[in-house]
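Residue numbers (this note's numbering): 14 to 173. Take a look at the structure set out below.
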Amino acid sequence: MTVKAEDFKKTLQNWASGVTVVTTASSTHGLLGMTATSFASVSMEPPQVLVCINDSALTSTGIAESGYFAVNVLAGDQQTTSNLFAGGASEKDRFASVTWHKGINEVPVLNDSIASLECEVVNQVRAGTHWIIIGKVNRVTCREGEPLLYFRTGYRQLTE
Ligand SMILES: Cc1cc2nc3c(=O)[nH]c(=O)nc-3n(C[C@H](O)[C@H](O)[C@H](O)COP(=O)(O)O)c2cc1C
């Protein structure tokens, strides 16, 4: 039995998540980053996380090339950043619109995110149209603040 694409999409829209921007620095393409909600923790010892990135996204090419990436967890007021990194701006303009610093292996880390995880790729598995990219976490940072949420095709804010 095959699930219809529209049913699959509609069902997944019921999954609420945070929003991240996954970044990398590629020697061929320079700074790359894209919005991704497909982030999950994988292992505690060693600390590992995963992101699922479309093979057609330039960021996936960059991560394969560099072997390093960062996951930046967006704050509640970073909806514009999410839209710009989801195709609303060119790669160059995406990074001009945020403040960032160079992390491990030159990977850009967004200053205003509420958390960042700097990772090195330990495994990359092809799954349909996407790559499941598993990274060992080498450095983390967190700050106070509310997260940006995504649910049923729209951004949401935490309310108590
Ligand atoms: C809220 C949101 C979540 C997204 N999550 C993912 C994701 O988990 N994986 C993915 O491959 N694309 C995801 N996208 C789409 C990419 O951000 C978009 O295709 C991006 O422009 C790809 O980067 P590129 O323009 O450098 O190719 C998401 C988009 C939005 C708005």
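Backbone N, C-alpha and C define an ideal beta-carbon position, used for all residues, glycine too.
{"Item": "Length of the line joining the Cα atoms of Lys-23 and Arg-169", "Value": "18 Å"}
{"Item": "Endpoints, beta strand (DSSP E) assigned at Thr-48", "Value": "43-49"}
{"Item": "Closer than 7 Å: Met-57 CB and nearest ligand 1 heavy atom", "Value": "no"}
{"Item": "Ile-145 CB to nearest heavy atom of ligand 1 below 7 Å", "Value": "no"}
{"Item": "Range covered by the alpha helix (DSSP H) that runs through Ile-76", "Value": "71-79"}
{"Item": "Selection from Ser-95, Glu-78 and Ser-79 that minimises the alpha carbon distance to Val-86", "Value": "Ser-95"}
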